[in-house]
Amino acid sequence: RNGRQVTLYEAAATCGGHALTVDSTAGPVDLGFQVFNLTTYPHLVGLFGELGVESEKSDMSFGLSTDDVEWGSLGLAGIFAQKSNMVRPAFLNMIREVIKFGKKAPEVLEPGNAKKFDGVTLAQYLADEKYSKFFADNYV
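In this note's numbering, the protein residues as written are 413 to 552.
Below, the structure is given as structure tokens:
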């Protein structure tokens with residue numbers, strides 16, 4: 413672009429960090445592209461416009477499936493994708509902790525709290541705030 417040369421150094425075998433495109437029968441699918449929206453990424457939107465890259469709306473959601481638990485973020489059907497979670501105390505407690513985390517964790521980012529949380533690891537924060545191992549393993 414504009415006659416400039418760019419040299420890209422990448423530690424991994426492929427460029428792009430968390431981005432990965434794979435071919436499927438329906439066409440290429442971007443697996444690792446975490447978030448893209450028009451409001452938050454105006455420069456990326458501009459670049460895509462210059463390059464003629466089209467975008468389309470999609471739902472933003474999260475899902476987790478392990479040997480121990482399965483759940484998703486889209487409504488009650490997603491949260492209770494595994495019906496046994498409706499009566500599983502650890503899972504129900506995790507839901508309470510998700511709400512608590514959503515309310516309490518942003519204080520870490522407040523400018524007045526920089527010294528209070530300086531050097532505090534995520535694991536230490538979770539322990540200090542008494543979050544369960546189940547929450548740490550299946551939400552964080």
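Every residue, glycine too, gets a C-beta built ideally from N, C-alpha and C. Every value quoted in this text rests on a predicted model; they were computed, and no experiment measured them.
- prompt: Any C-beta of chain E sitting closer than 8 Å to the C-beta of Asp540?
  reply: Of the protein chains in the structure, only one exists, and it is not chain E.
query: How many angstroms separate the CA atom of Asn525 from the CA atom of Val532?
result: About 12 Å.
field: Length of the line joining the Cα atoms of Phe492 and Thr437
entry: So the two alpha carbons sit approximately 31 Å from each other.
message: Using the Cβ count rule (16 or more neighbours within 10 Å means buried), how would you classify Val481?
response: A residue is called buried when at least 16 other Cβ atoms come within 10 angstroms of its Cβ; Val481 meets this threshold and is buried.
Cβ-based burial, Glu509 [other Cβ within 10 Å; buried from 16]: Buried, by the Cβ-count rule.
Reduced DSSP category for Val510 - H, G, I as helix; E, B as strand; rest coil: When DSSP states are grouped into helix, strand and coil, Val510 belongs to the helix group.
message: Looking at Ser477: is its Cβ nearer than 8 Å to the Cβ of Ser485?
response: No, the pair does not count as a contact, with Cβ atoms beyond the cut-off.
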